[in-house]
Amino acid sequence: MATNEIILYDLATKRPNKCFSPNCWKTRAALNFKGLPYTTVWLEYPDVKPTLAAFGIKANAPTDYFLEYTCPTVKFSDGTYMMDSAAIAPVLEQLKMEPSLRLDGPHERVHRALGKMFGALMPTVLSKVRDGLSPRSAEYYEATRRPLFNMSLDDLAKSEIAATAWTVAEPGIQEVSAILREQPDGPYVLGRTASYADIILAAGWHCLKLLDLPILTRLYGYDLAFEKHYEACEKWFKRDNF
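In terms of this note's numbering, the sequence shown has 151 at position 168, counting the first letter as 1, and numbering is strictly consecutive.
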């Protein structure tokens, strides 16, 4: 490992490890977009908190986050650590100004719209996330998510919540569609210029491709711009396992 290389702490899966988390992908794809050198350290879910706490990283505020310690976390070459993709992005921009992430763009708006869309659909895929983890991480994932819904993830996937997920997701889908249609010369959110807003949105497309391709295919049916957007961004999602 080069001493000037960034270390990305990502979530481990069943072997071989492969990035699956949309939040981790926001940072990984931003690193790939900028061409910044980095190496990956994979953390099992139960090891995230003790590992990151041992580095002296300040815990997430309980009112803002589901868990105290989360991935992605990055260690920069000066020895400092940073947690949360939204906090990491401006630092990456300062490390290498070009190509720019265009953080003055509508990435926060995209984040909100994506939250409406994917937040509604997540009950249909959480059990598939769990099934892609090692037994130890799968047990932790199930135990920490079950209280949110008062049922197992398998029951959640068969519940009324999952059955109505597409109806609940509709406003978010329409909002994402409207965002992509604002610049008709596309395929990116800003038209012909890629930005962090695209990385956020494409992280969602990519993770659905990995976890539940039929859902992604159904989303493509709403708007042809969705598939064109992902195809334009897919090159930043190639490096996924180191």
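Think of the CB as a built atom: it goes at the ideal place given N, C-alpha and C, for glycine as much as any other residue. As the structure is a prediction and not an experimental result, all values here were calculated from the model.
Please say whether Glu158 and Ala96 have beta carbons closer to each other than 7 Å?
Yes.
Exposed or buried, Ser60, counting other C-beta atoms within 10 Å across all chains shown (16 or more means buried)?
exposed
Can you tell me which of the three DSSP states Tyr(-8) falls into?
strand
Across the region 8 to 16 and the region 170 to 187, are there enough close Cβ pairs to call them in contact, namely three or more that are closer than 8 Å?
yes
Are the Cβ atoms of Val112 and Asp195 separated by less than 7 Å?
no
At a cut of 8 Å, does the region 200 to 211 reach the region 145 to 163 through at least three beta carbon pairs?
Verdict: yes, contact present.
Rounded to a whole number of angstroms, what is the C-alpha to C-alpha distance between Tyr213 and Met105?
Approximately 19 Å, taken between the alpha carbons.
Just curious, the beta strand (DSSP E) that Leu136 is in, first and last residue?
Looking at the DSSP string, Leu136 is not in any beta strand (DSSP E); the run it does join, the alpha helix (DSSP H), is Leu136 to Ala140.
Among Glu(-12), Ile(-11) and Phe3, which one has its Cα closest to the Cα of Asp114?
Phe3
Using beta-carbon positions only, say whether Cys216 and Asp168 come within less than 7 Å of one another.
no
Within a Cβ cutoff of 7 Å, which residues of the same chain sit near Lys(-3), ignoring the five residues on either side of it in sequence?
Gly115, Leu116 and Ser117
Considering only their Cβ atoms, is the gap separating Ile(-10) from Thr22 smaller than 7 Å?
yes
With hydrogens ignored, establish whether the beta-carbon of Asn224 is closer than 6 Å to any heavy atom of the ligand SAM.
Of ligands this structure carries none, so the ligand SAM is not represented either.
Just to confirm, are Met100 and Ala152 a CB contact at a threshold of 7 Å?
yes
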